[in-house]
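Notes follow once the structure below has been shown.
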Amino acid sequence: MKILVCISKVPDTTAKIAFTDNQTKFDTNGVQFIINPYDEWYALVRALELKEANGGNVTILNVGTAENDPTIRKALAIGADDAVRINMDPTDALATATQISTYAKENGFDLVFTGKETIDYNGSQLGGMIAAQMDLPYVSYASKLDMNGNTATIERDIQGGKEIVEVDAPFVLSAAKGMAEARIPNMRGIMAARTKPLNVVEPVACENSTEVVSYELPAAKGDCKYVDAENAGVLLDLLRNEAKII
Amino acid sequence: MGILVYVSTSNNQINKSALEAISYAAQCGDSVTAVQFGEAADQAEAGKFGADKILKVSNAKLNDFQPNLIAEALMKAAEAEGADTIVLSHDLSGKAVAPILSAKMHAGLVTGAVALPTAEGTIKKGVFSGKAYANVKINTAKKIITVTPNSIDKKEFNKTAAVADFAVEVGDSRLKVVEQKIESADLPLTEAIKVVSAGRGLKGPENWGIIEDLAKELGAATACSRPVSDMDWRPHHEHVGQTGVAIRPNLYIAIGISGAIQHLAGVNQSKVIVVINNDPEAPFFKSADYGIVGDAFEVVPKLIEKAKSMDFTS
Numbered sequence: 322m323k324i325l326v327c328i329s330k331v332p333d334t335t336a337k338i339a340f341t342d343n344q345t346k347f348d349t350n351g352v353q354f355i356i357n358p359y360d361e362w363y364a365l366v367r368a369l370e371l372k373e374a375n376g377g378n379v380t381i382l383n384v385g386t387a388e389n390d391p392t393i394r395k396a397l398a399i400g401a402d403d404a405v406r407i408n409m410d411p412t413d414a415l416a417t418a419t420q421i422s423t424y425a426k427e428n429g430f431d432l433v434f435t436g437k438e439t440i441d442y443n444g445s446q447l448g449g450m451i452a453a454q455m456d457l458p459y460v461s462y463a464s465k466l467d468m469n470g471n472t473a474t475i476e477r478d479i480q481g482g483k484e485i486v487e488v489d490a491p492f493v494l495s496a497a498k499g500m501a502e503a504r505i506p507n508m509r510g511i512m513a514a515r516t517k518p519l520n521v522v523e524p525v526a527c528e529n530s531t532e533v534v535s536y537e538l539p540a541a542k543g544d545c546k547y548v549d550a551e552n553a554g555v556l557l558d559l560l561r562n563e564a565k566i567i
Numbered sequence: 008m009g010i011l012v013y014v015s016t017s018n019n020q021i022n023k024s025a026l027e028a029i030s031y032a033a034q035c036g037d038s039v040t041a042v043q044f045g046e047a048a049d050q051a052e053a054g055k056f057g058a059d060k061i062l063k064v065s066n067a068k069l070n071d072f073q074p075n076l077i078a079e080a081l082m083k084a085a086e087a088e089g090a091d092t093i094v095l096s097h098d099l100s101g102k103a104v105a106p107i108l109s110a111k112m113h114a115g116l117v118t119g120a121v122a123l124p125t126a127e128g129t130i131k132k133g134v135f136s137g138k139a140y141a142n143v144k145i146n147t148a149k150k151i152i153t154v155t156p157n158s159i160d161k162k163e164f165n166k167t168a169a170v171a172d173f174a175v176e177v178g179d180s181r182l183k184v185v186e187q188k189i190e191s192a193d194l195p196l197t198e199a200i201k202v203v204s205a206g207r208g209l210k211g212p213e214n215w216g217i218i219e220d221l222a223k224e225l226g227a228a229t230a231c232s233r234p235v236s237d238m239d240w241r242p243h244h245e246h247v248g249q250t251g252v253a254i255r256p257n258l259y260i261a262i263g264i265s266g267a268i269q270h271l272a273g274v275n276q277s278k279v280i281v282v283i284n285n286d287p288e289a290p291f292f293k294s295a296d297y298g299i300v301g302d303a304f305e306v307v308p309k310l311i312e313k314a315k316s317m318d319f320t321s
């Protein structure tokens with residue numbers, strides 16, 4: 322089974338978020354970058370487990386510039402077989418999806434995985450767009466996946482609960498918590514990753530459907546108002562009469 | 008040109024998040040057609056919050072949650088109505104359907120809007136897991152917007168919406184729904200107005216009784232921090248934070264949660280934050296509106312007792 326896992330490079334979860342150039346660019350100064358956790362912990366690791374159980378091949382795909390290569394090598398260190406980087410700065414989800422679906426159609430994959438969203442743009446867009454562009458079924462927010470031959474049984478999050486669905490490959494899935502447990506690359510994996518193929522392909526022509534005009538930070542909080550623990554009940558009076566929230 | 012709104016229903020009612028999407032669309036100042044999937048005894052609510060027209064979709068293929076077929080039906084409705092913009096809630100249904108619509112219609116998509124479009128046409132949305140906002144412009148003629156639950160005023164328009172059946176043909180889905188596990192009839196956490204959340208400070212799952220009692224008295228949903236969900240003290244769907252669900256209730260009460268940056272990311276857009284912690288140095292106090300430094304096992308029972316003496320019916 323050929324599995325394509327789409328990964329994104331995002332700031333570490335502890336990164337301080339700031340902007341430069343008149344609030345139009347993310348300030349990368351001092352920021353550590355990681356593989357988007359949903360792409361790594363859930364999509365990639367589950368893909369590797371399927372490969373280990375049934376054989377096959379796991380390809381990493383990233384849309385980005387050369388500075389993403391160390392992040393892609395980390396995904397190879399965790400255990401993916403090879404990687405592709407589409408050489409484009411991904412600023413628009415639809416344009417990014419167009420690159421991915423074009424590559425995936427040309428190269429024929431049985432399964433295409435993404436994380437449920439990235440922790441930087443929080444778009445939750447790519448999986449559905451790729452599925453639509455490839456005319457494939459889309460299973461969003463999958464928290465469990467079992468393959469039996471060509472047929473997948475998937476548990477997905479829906480409004481108010483979960484649902485079990487069945488679908489035959491090929492399909493596109495976005496991975497949520499529960500799919501797999503995070504793996505830490507070992508030294509052998511890190512060494513092997515250095516020589517695994519990382520192919521760079523040029524993007525197809527495509528216009529951006531959206532653009533970020535500016536960023537802003539939330540308004541700073543005022544001081545915390547303390548309530549004495551002995552008279553904790555006063556809190557509820559404040560929430561009702563002052564904050565007018567209950 | 009008109010705006011179309013995806014209206015999802017559950018338990019024979021229009022979802023609250025869908026009513027917010029209707030009100031958002033109406034506040035954009037165009038005529039609003041609500042496309043209703045499933046039965047709704049409270050159809051009049053759609054008009055109350057701004058729908059001019061309701062198209063009730065009837066097609067047995069759409070009884071299950073089939074995002075690709077729902078997208079197909081919405082596209083056909085948009086065409087029939089001449090609508091160039093589709094608004095959905097940024098809930099689990101909207102998140103699945105919106106990107107399909109975007110790709111099929113070549114329409115720019117902004118997910119997780121927290122404000123109406125400005126005069127310049129930019130839409131504000133949360134990014135970096137609640138740590139910042141981006142103002143995004145859609146460059147295409149057709150536009151798709153998903154609206155973050157509980158982020159905009161649900162303004163009333165008190166219209167009477169005309170109802171019409173929409174007999175739409177859709178293709179077949181390769182996705183088969185085998186089983187549904189609806190966890191509770193309660194509101195999903197992302198739509199809760201009040202949330203009581205607890206962390207490792209509670210010391211063990213057996214101590215959650217006071218959290219549930221306080222939540223019940225306040226009419227709040229319960230949530231938890233990541234370590235608590237990782238240790239299986241509480242179910243995964245209660246985990247709020249950067250890698251769990253992001254929420255923005257009117258009131259968030261955090262009990263025994265220190266306030267790691269990853270947790271804050273998922274909750275710091277709450278309107279009022281209350282922190283209860285026995286450590287006065289807990290970083291969460293810096294993001295709190297109200298704080299109590301004290302032992303949860305002494306403070307929470309006092310709050311429950313006080314809540315019992317208050318009237319929460321209004």
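Heads up: the sequence lines are chains A and B, in that order. Counting from 1, position 161 in the first sequence corresponds to residue 482 in this note's numbering; the numbering is continuous, with no gaps. Counting from 1, position 139 in the second sequence corresponds to residue 146 in this note's numbering; the numbering is continuous, with no gaps. Note that the Cβ used here is the ideal one computed from N, Cα and C, for glycine as well. Please read these numbers as outputs of a predicted model, since none were measured by experiment.
Problem - Interface partners of B:Gly298 on chain A, CB under 8 Å - result: Residues of chain A passing the Cβ test: Cys545, Lys546, Tyr547, Val548.
Problem - Length of the line joining the Cα atoms of B:Phe164 and B:Val185 - result: Our two residues, B:Phe164 and B:Val185, have alpha carbons roughly 40 Å apart in a direct line.
Exercise for the section: Tell me B:Met238's beta-bridge partners as DSSP assigns them. Expected result: Paired residue(s): none; B:Met238 is not in a bridge.
Practice task
Please confirm if B:His243 has its CB atom under 8 Å from at least one CB of chain A.
Solution key: It does: the Cβ of B:His243 has a partner Cβ on chain A nearer than 8 Å.
Practice task
Sort out for me which residues DSSP pairs A:Phe655 with in a bridge.
Solution key: The structure shown does not extend to residue 655 of chain A, since chain A is modelled only from 322 through 567, so no value can be given for it.
Exercise for the section: Hey, could you find the ends of the beta strand (DSSP E) B:Val134 is sitting in? Expected result: Residues 129 to 134.
Handout entry: From A:Lys565, A:Ile485, A:Ala336, residue whose alpha carbon lies closest to that of A:Phe354
Key = Minimum Cα distance to A:Phe354 is reached at A:Ala336.
Exercise for the section: Give the secondary structure of A:Asn383 by DSSP, where H, G and I count as helix, E and B as strand, and everything else as coil. Expected result: Three-state result, A:Asn383: strand.
Practice task
Give a yes or no on whether the minimum CB-CB distance between A:Thr412 and chain B is below 8 Å.
Solution key: With its beta carbon at least 8 Å from every one in chain B, A:Thr412 lies outside the interface.
Handout entry: Beta carbon proximity, B:Asp376 to chain A, threshold 8 Å
Key = Residue 376 of chain B is absent from the structure shown; chain B starts at 8 and stops at 321.
Exercise for the section: Report yes or no: do three or more beta-carbon pairs, one from the stretch 454 to 465 of chain A and one from the stretch 421 to 435 of chain A, lie closer than 8 Å? Expected result: The stretch 454 to 465 of chain A is in contact with the stretch 421 to 435 of chain A.
Problem - DSSP-derived helix/strand/coil call for A:Gly510 - result: Looking at A:Gly510 - three-state DSSP - the assignment turns out to be helix.
Practice task
Mind the definition here: the stretch 494 to 504 of chain A touches the stretch 434 to 452 of chain A only if three or more C-beta pairs lie below 8 Å; say whether that holds.
Solution key: Segment contact: the stretch 494 to 504 of chain A against the stretch 434 to 452 of chain A, three or more CB-CB distances shorter than 8 Å; contact assigned.
Exercise for the section: Could you please give me the residues that DSSP links to B:Leu116 through a beta bridge? Expected result: Partner(s): B:Ile151.
Handout entry: Contact residues within the stretch 147 to 166 of chain B, judged by C-beta distance below 8 Å to chain A
Key = Listed by position along the chain: Thr147.
Problem - Where B:Ile268 sits in the DSSP three-state scheme - result: It is helical.
Problem - Among A:Thr516, A:Arg367, A:Gln480, A:Ile451, the one whose alpha carbon lies nearest that of A:Ala503 - result: The closest CA to that of A:Ala503, considering only A:Thr516, A:Arg367, A:Gln480, A:Ile451, is found on A:Arg367.
Exercise for the section: Write down the C-beta distance between B:Glu245 and B:Leu196 rounded to the nearest angstrom, noting that I regard them as a contact closer than 8 Å. Expected result: With a contact defined as Cβ atoms closer than 8 Å, B:Glu245 and B:Leu196 qualify at about 7 Å.
Exercise for the section: Could you say which of B:Ala33, B:Val170, B:Ile217, B:Ser236 lies nearest to B:Phe304 if we only look at CA atoms? Expected result: Taking each of B:Ala33, B:Val170, B:Ile217, B:Ser236 in turn and checking the Cα distance to B:Phe304, the smallest one comes out for B:Ile217.
Exercise for the section: Compare the beta carbon distance of A:Val522 and A:Asn383 with 8 Å and say whether it is the shorter of the two. Expected result: Cβ atoms of A:Val522 and A:Asn383: not closer than 8 Å.
Practice task
Can you grab the Cα-Cα spacing for the pair B:Asn70 / A:Glu563, in whole Å?
Solution key: Note on geometry: alpha-carbon atoms of B:Asn70 and A:Glu563 lie some 46 Å from one another.
Practice task
Could you pull the start and end residues of the alpha helix (DSSP H) that A:Gly448 belongs to?
Solution key: For A:Gly448, the enclosing alpha helix (DSSP H) has its first and last residue at 447 to 455.
Exercise for the section: Kindly indicate if chain B contains any beta-carbon less than 8 Å away from that of A:Thr380. Expected result: No - not a single Cβ of chain B is within 8 Å of the one on A:Thr380.
Problem - Pick from A:Asn375, A:Pro391, A:Ala374, A:Lys372 that is closest to A:Lys330, judged by C-alpha positions - result: When C-alpha distances from A:Lys330 are compared across A:Asn375, A:Pro391, A:Ala374, A:Lys372, the shortest belongs to A:Pro391.
Problem - Proximal residues, the stretch 176 to 190 of chain B versus chain A, C-beta separation under 9 Å - result: Listed by position, the residues of the stretch 176 to 190 of chain B near chain A (Cβ gap below 9 Å) are Ser180, Arg181, Leu182, Lys183, Val184, Val185, Glu186, Gln187, Lys188, Ile189, Glu190.
Exercise for the section: Determine the direct distance from the alpha carbon of B:Leu26 to that of A:Asn389, and round the result to whole angstroms. Expected result: Their backbone Cα atoms lie some 42 Å apart in a straight line.
Problem - Near-chain B residues of the stretch 439 to 454 of chain A (beta-carbon distance less than 9 Å), N- to C-terminal order - result: Only those residues of the stretch 439 to 454 of chain A whose C-beta falls short of 9 Å from the nearest C-beta of chain B are listed: Ile440, Asp441, Tyr442, Asn443, Gly444, Ser445, Gln446, Leu447, Gly448, Gly449, Met450, Ile451, Ala452, Ala453, Gln454.
Handout entry: CB contact below 8 Å: B:Ser204 versus chain A
Key = By this cut-off, B:Ser204 is not an interface position.
Exercise for the section: Using DSSP bridges, identify the partner residues of A:Cys570. Expected result: Residue 570 of chain A lies beyond the stretch modelled for chain A, which goes from 322 to 567, so this question has no answer here.
Problem - B:Val307, enclosing alpha helix (DSSP H) - first and last residue - result: Counted as a single uninterrupted DSSP element, the alpha helix (DSSP H) harbouring B:Val307 occupies residues 303 to 315.
Practice task
Taking only beta-carbon positions, decide if B:Gly273 is within less than 8 Å of chain A.
Solution key: False, the Cβ-Cβ gap to chain A never drops below 8 Å.
Problem - Where A:Ala401 sits in the DSSP three-state scheme - result: Coil.
Handout entry: 8 Å Cβ cutoff, B:Glu305 in contact with chain A
Key = Chain A contact via Cβ: present.
Exercise for the section: Count the other CB atoms, across all protein chains shown, that sit within 10 Å of the CB of B:Ile93; report buried if there are 16 or more and exposed otherwise. Expected result: Taking all protein chains shown into account, B:Ile93 has 16 or more neighbouring C-beta atoms within 10 Å of its C-beta and is therefore buried.
Practice task
Let me know the secondary structure DSSP gives B:Gln34 once reduced to three states.
Solution key: In the three-state scheme derived from DSSP, where H, G and I count as helix and E and B as strand, B:Gln34 is classed as helix.
Handout entry: Helix, strand or coil at B:Asp91 [DSSP, three-state]
Key = Assignment of B:Asp91 by DSSP, reduced to helix, strand and coil, places it in the coil class.
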